[in-house]
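S.K.:
2 protein chains.
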Amino acid sequence: MYNMDRLFEAVQGRGHVCVGLDTAAEYIPPLARGGPGAVLAYNRALVDATLDAAACYKVQIAYYEAMGLAGLKVYAETLAYIRSRGALVIADIKRGDIADTALRYAQAHFEGDFEADFVTLSPYMGMDSIEPWLSYAETRGKGAFVLMRTSNQGMRDFEYLELGGEYRNCRVYDAVGARLSQAARPGRCGYGAFGAVVGVQPKSGAEREEAAGIRSRYANLFFLIPGYGAQGGAAEDAALLLRQGNGGVVNASRSILRAWEAELKAEGRETEGPDCPADIPFAADAARRAVIAMRDAIKKAAR
Amino acid sequence: MYNMDRLFEAVQGRGHVCVGLDTAAEYIPPLARGGPGAVLAYNRALVDATLDAAACYKVQIAYYEAMGLAGLKVYAETLAYIRSRGALVIADIKRGDIADTALRYAQAHFEGDFEADFVTLSPYMGMDSIEPWLSYAETRGKGAFVLMRTSNQGMRDFEYLELGGEYRNCRVYDAVGARLSQAARPGRCGYGAFGAVVGVQPKSGAEREEAAGIRSRYANLFFLIPGYGAQGGAAEDAALLLRQGNGGVVNASRSILRAWEAELKAEGRETEGPDCPADIPFAADAARRAVIAMRDAIKKAAR
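Chains as they are written, first to last, in the numbering used here: chain H, 11 to 313; chain D, 11 to 313.
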């Protein structure tokens, strides 16, 4: 059984939320801050508090690399903790390199200290930077999400360029989607082991049409959907990238990690210094409420 | 003074070779193998043996990540050793992620445990995934090489696609090159702090013309040139990507790391098992000879 089938089932049972553990030190309540150890304790508490309400977790390795070797130890321990609780974890590493190197990376992130259930990949160098991961994934049941159309402003620079020649009337991201879709061998759930990263593009009519087009053209690709919440997207925009109530997980990071802060601000209370009342249990409860609200909003919009 | 100026000077003085330390366990002579510690000892010996003949070093992090946390410690120690010897090191990490995340990555690789002089970056997500590195680099004198047109087969999948619209008659990699070239603020040496990865494309007339065109269009970008040696490119092909005898470093990894093996094979001697005569000094000498031969071949071709 592929992890993508397990993820599909998780969405069926617990909704679409992917909890992003991009845990910067300052996202932790002041009283609970204190280096890499505090990050690990925070991650564990948030995982425990959201296990039955989230589809999966995503850990952004950059936040851990920034703390050096000690940070990468916490990264490894966070992945291991999530997996020990029976949940699925996406290593957000956006790797992309040629064949031999890709195999080393696959070894690094599909087994050993940094073993994850899914990785994120960058397609720039071409399909021979993706395929070594795919064959590795198929022998171990793993999966991946390849960057296709992201949700940042800069996505217009290259992902969005109009193509000529055989891809006339398409954009760069469509060429990526088409190749991924061709390579997909759908598992039990109808989706291939490798899906795509397709971000929420909020608001305008044209963008809604585009989202619906992407979802229908790449029906065998499961989507990892960033850009919700902190990046401005709403449940209705995210729902355009879902398919028959499944087919994607929607990531939120800061709005969950910092839910304690939003709750305190809403009540006019201190969020910094010794008078800030938030501790880890408070933050974990707030994160749980944020996940449930997000889950319910997306479920409603996806109907 | 920017690292790109220091690299320019290194090329003036010591030629164009970038020694790639993609040190897989099996690239080390059998007698000297033995886990992460052996990799560090091997890297140190090769650095010592090539310091006066190489322009710089490039460390491919995938090979270290594949050994888990212990491997990343060796990665950090290899970078530190190269820098302690006064040489420049490129962290081959091919990162590419949105603004906040890019800043964390820059912190990870421009300071602390993993401090390098240059990094490699992937442009897929757009210029807002590059710019945070650039502002960070400018305050600390660091540099980067952004993937533009690589040397693997798969580069034809996306990098090479023909564009329409404003970039009619251009390819995706040209859009990347144009944006990088626009953003470049040339330092003392005439090149911006951020250059491009442009691979050797061996052989045909059309490809030689293309290489010459790339070199002349992006005159303010210093090139990191992979694809030499193991990937089939020759000195003449690499020289097409140089400019006035400078403007690029040419990477070789396996042909240097495994030079001991090539020398033994040429003499019909054992390369595996207890009868293989190579030890670390033997391998370091062979690596030095390989670097000098490559340096001289490129110098000759670049005239």
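By construction, the Cβ of each residue, glycine as well, lies at the ideal position given by its N, Cα and C atoms.
Terminal residues of the continuous beta strand (DSSP E) containing D:Val129?
M.R.: Translated into positions along the second sequence, residue 129 of chain D becomes position 119. Segment 128 to 131, the beta strand (DSSP E) holding D:Val129.
S.K.: Looking at the structure shown, is H:Gly256 part of a helix, part of a strand, or coil, going by DSSP?
M.R.: Indexing the first sequence from 1 puts residue 256 of chain H at position 246. According to the sequence shown, residue 256 of chain H is Asn rather than Gly. Here H:Asn256 sits in strand by DSSP.
S.K.: Near D:Leu250, which residues of its chain fall below 8 Å by C-beta distance, leaving aside the five closest residues on each side in sequence?
M.R.: Residue numbering aside, residue 250 of chain D sits at position 240 when the second sequence is read from its first letter. Arg218, Ala221, Ala222, Arg225.
S.K.: At which residues does the alpha helix (DSSP H) containing D:Ile290 begin and terminate?
M.R.: On the second sequence, position 280 is the one that residue 290 of chain D refers to. Looking at the DSSP string, the run of the alpha helix (DSSP H) that includes D:Ile290 is 290 to 312.
S.K.: Taking 8 Å as the limit between beta carbons, can you name the residues of its chain near D:Asp58, skipping five residues before and five after?
M.R.: In the second sequence, the residue the question calls residue 58 of chain D occupies position 48. Answer for D:Asp58: Arg95, Ala294, listed in chain order.
S.K.: With a cut-off of 8 Å on the beta carbons, I'd call D:Ala64 and D:Val301 a contact; round off their distance for me.
M.R.: For this step, residue 64 of chain D is matched to residue 54 along the second sequence. For this step, residue 301 of chain D is matched to residue 291 along the second sequence. Sure, about 6 Å apart at Cβ, within 8 Å.
S.K.: May I have a chain-ordered list of the alpha helix (DSSP H) segments no shorter than 4 residues that lie completely inside the segment 81 to 123 of chain H?
M.R.: Runs found: 109 to 120.
S.K.: Please confirm whether H:Arg43 has its beta-carbon closer than 9 Å to some beta-carbon of chain D.
M.R.: Counting from one through the first sequence, the residue named residue 43 of chain H turns up at place 33. No, because no Cβ of chain D sits closer than 9 Å to the Cβ of H:Arg43.
S.K.: Can you tell which of H:Glu176, H:Cys180, H:Leu171, H:Tyr177 has its C-alpha closest to the C-alpha of D:Glu176?
M.R.: Start at 1 with the first residue of the second sequence, and residue 176 of chain D comes out as number 166. The shortest Cα separation from D:Glu176 among H:Glu176, H:Cys180, H:Leu171, H:Tyr177 belongs to H:Leu171.
S.K.: Going by DSSP in three states, H:Met158 sits in which element: helix, strand or coil?
M.R.: Against the first sequence, residue 158 of chain H aligns to sequence position 148. Here H:Met158 sits in strand by DSSP.
S.K.: Determine the direct distance from the alpha carbon of D:Tyr115 to that of H:Ala20, and round the result to whole angstroms.
M.R.: Position 10 of the first sequence holds residue 20 of chain H. Position 105 of the second sequence holds residue 115 of chain D. When rounded, the distance between both Cα atoms is 31 Å.
S.K.: Alpha carbon to alpha carbon, how far is H:Glu75 from D:Thr130?
M.R.: Locating residue 75 of chain H in the first sequence gives position 65, counting from the first residue. Locating residue 130 of chain D in the second sequence gives position 120, counting from the first residue. Cα to Cα, H:Glu75 sits roughly 16 Å from D:Thr130.
S.K.: Take D:Lys309 as the anchor and find which of D:Gly30, D:Gly258, D:Pro284, D:Ala269 has the nearest alpha-carbon.
M.R.: As a first step, residue 309 of chain D must be located in the second sequence, where it is residue number 299. If we check each option's Cα against that of D:Lys309, D:Gly258 comes out closest.
S.K.: At least one CB of chain H closer than 9 Å to the CB of D:Arg268: is that the case?
M.R.: Here the question's residue 268 of chain D lines up with position 258 in the second sequence. For D:Arg268, the answer is no, since every Cβ of chain H falls outside 9 Å of its Cβ.
S.K.: Taking Cβ-Cβ distances shorter than 7 Å, what residues in chain H pair up with D:Val186?
M.R.: As a first step, residue 186 of chain D is located in the second sequence; it is residue number 176 there, counting from the start. Within chain H, the residues near D:Val186 are Phe168.
S.K.: Comparing the C-beta of D:Thr88 with each C-beta of chain H, is any distance below 9 Å?
M.R.: Stepping through the second sequence from its first residue, residue 88 of chain D is reached at position 78. No, its Cβ sits nowhere closer than 9 Å to a Cβ of chain H.
S.K.: Going along the chain, which residues of the segment 46 to 73 of chain D sit with their C-beta nearer than 8 Å to a C-beta in chain H?
M.R.: For the segment 46 to 73 of chain D, which is checked against every Cβ of chain H, the residues closer than 8 Å are Gln70, Ala72, Tyr73.
S.K.: Does the Cβ-Cβ distance between H:Ala244 and H:Ala303 come in under 9 Å?
M.R.: Here residue 244 of chain H refers to the residue found at position 234 of the first sequence. Here residue 303 of chain H refers to the residue found at position 293 of the first sequence. Not in contact: H:Ala244 and H:Ala303 (Cβ atoms no closer than 9 Å).
S.K.: Using a Cβ-Cβ distance cut-off of 9 Å, determine whether D:Phe18 contacts chain H.
M.R.: For the purposes of this step, residue 18 of chain D is taken as residue 8 along the second sequence, with counting starting at 1. False, the Cβ-Cβ gap to chain H never drops below 9 Å.
S.K.: Taking C-beta to C-beta, are H:Pro40 and H:Pro284 nearer than 9 Å?
M.R.: Walking along the first sequence from the start, residue 40 of chain H turns up at place 30. Walking along the first sequence from the start, residue 284 of chain H turns up at place 274. Yes. Within cutoff.
S.K.: Taking the Cβ atom as the reference point for each residue, do D:Trp143 and D:Phe120 lie within a distance shorter than 9 Å?
M.R.: Counting from one through the second sequence, the residue named residue 143 of chain D turns up at place 133. Counting from one through the second sequence, the residue named residue 120 of chain D turns up at place 110. Contact: yes.
S.K.: Enumerate, from N- to C-terminal direction, the unbroken beta strand (DSSP E) stretches of 3 or more residues contained entirely within the segment 255 to 287 of chain H.
M.R.: Whole beta strand (DSSP E) segments, 3+ residues: 258 to 262.
S.K.: Report yes or no: do three or more beta-carbon pairs, one from the segment 132 to 151 of chain D and one from the segment 82 to 96 of chain H, lie closer than 8 Å?
M.R.: Too few Cβ pairs lie closer than 8 Å, so no.
S.K.: To the nearest angstrom, how far is it from the Cα of H:Arg93 to the Cα of D:Arg253?
M.R.: Residue numbering aside, residue 93 of chain H sits at position 83 when the first sequence is read from its first letter. Residue numbering aside, residue 253 of chain D sits at position 243 when the second sequence is read from its first letter. H:Arg93 and D:Arg253: Cα-Cα distance of roughly 52 Å.
S.K.: When the Cα atoms are used, what is the spatial distance from D:Phe204 to D:Leu190?
M.R.: Translated into positions along the second sequence, residue 204 of chain D becomes position 194. Translated into positions along the second sequence, residue 190 of chain D becomes position 180. So the two alpha carbons sit approximately 8 Å from each other.
S.K.: Just reading off the alpha helix (DSSP H) that H:Leu17 is part of, what are its end residues?
M.R.: Position 7 of the first sequence holds residue 17 of chain H. That run of the alpha helix (DSSP H) goes 13 to 24.
S.K.: Check whether the Cβ atoms of H:Tyr12 and H:Arg264 lie closer than 9 Å to each other.
M.R.: Against the first sequence, residue 12 of chain H aligns to sequence position 2. Against the first sequence, residue 264 of chain H aligns to sequence position 254. No, the pair does not count as a contact, with Cβ atoms beyond the cut-off.
S.K.: State the Cα-Cα distance for the pair H:Met135 and D:Asn162, rounded to the nearest angstrom.
M.R.: The residue you call residue 135 of chain H lines up with position 125 of the first sequence. The residue you call residue 162 of chain D lines up with position 152 of the second sequence. If I take the Cα positions, the gap works out to 8 Å.
S.K.: Could you check which residue in H:Asp110, H:Leu61, H:Thr33 has the C-alpha nearest to that of H:Met77?
M.R.: The residue labelled residue 77 of chain H in the question sits at position 67 within the first sequence. Among H:Asp110, H:Leu61, H:Thr33, the Cα nearest to that of H:Met77 is on H:Thr33.
S.K.: Give a yes or no on whether the minimum CB-CB distance between H:Glu111 and chain D is below 9 Å.
M.R.: On the first sequence, residue 111 of chain H is found 101 positions in, with the first residue counted as 1. It is Thr, not Glu, that sits at residue 111 of chain H in the sequence shown. So yes, H:Thr111 belongs to the interface.
S.K.: Measure from the C-beta of D:Val182 to each C-beta in chain H and report whether the shortest distance is under 9 Å.
M.R.: Residue mapping note: residue 182 of chain D aligns to position 172 of the second sequence, counting from 1. Chain H contact via Cβ: present.
S.K.: Answer with buried or exposed for D:Ala262, where buried requires no fewer than 16 other C-beta atoms within 10 angstroms of its C-beta.
M.R.: As a working note, residue 262 of chain D is residue 252 in the second sequence. Answer is buried; the Cβ neighbour count reaches 16.
S.K.: What do you reckon, are the CB atoms on H:Val207 and H:Met137 nearer than 9 Å?
M.R.: Residue mapping note: residue 207 of chain H aligns to position 197 of the first sequence, counting from 1. Residue mapping note: residue 137 of chain H aligns to position 127 of the first sequence, counting from 1. Not a contact, by the Cβ cut-off of 9 Å.
S.K.: Select from H:Ala118, H:Ala269, H:Asp102 the residue whose C-alpha is nearest the C-alpha of D:Ala112.
M.R.: Within the second sequence, the letter at position 102 stands for residue 112 of chain D. When only C-alpha atoms are compared, the closest one is H:Asp102.
S.K.: Measuring straight from C-alpha to C-alpha, what distance separates D:Phe316 and D:Gly23?
M.R.: Since the displayed chain D opens at 11 and closes at 313, residue 316 of chain D lies outside it and no answer follows.
S.K.: Using a C-beta cutoff of 9 Å, does H:Ser139 count as contacting chain D?
M.R.: The count along the first sequence starts at 1 and reaches residue 139 of chain H at position 129. Yes, its Cβ sits closer than 9 Å to a Cβ of chain D.
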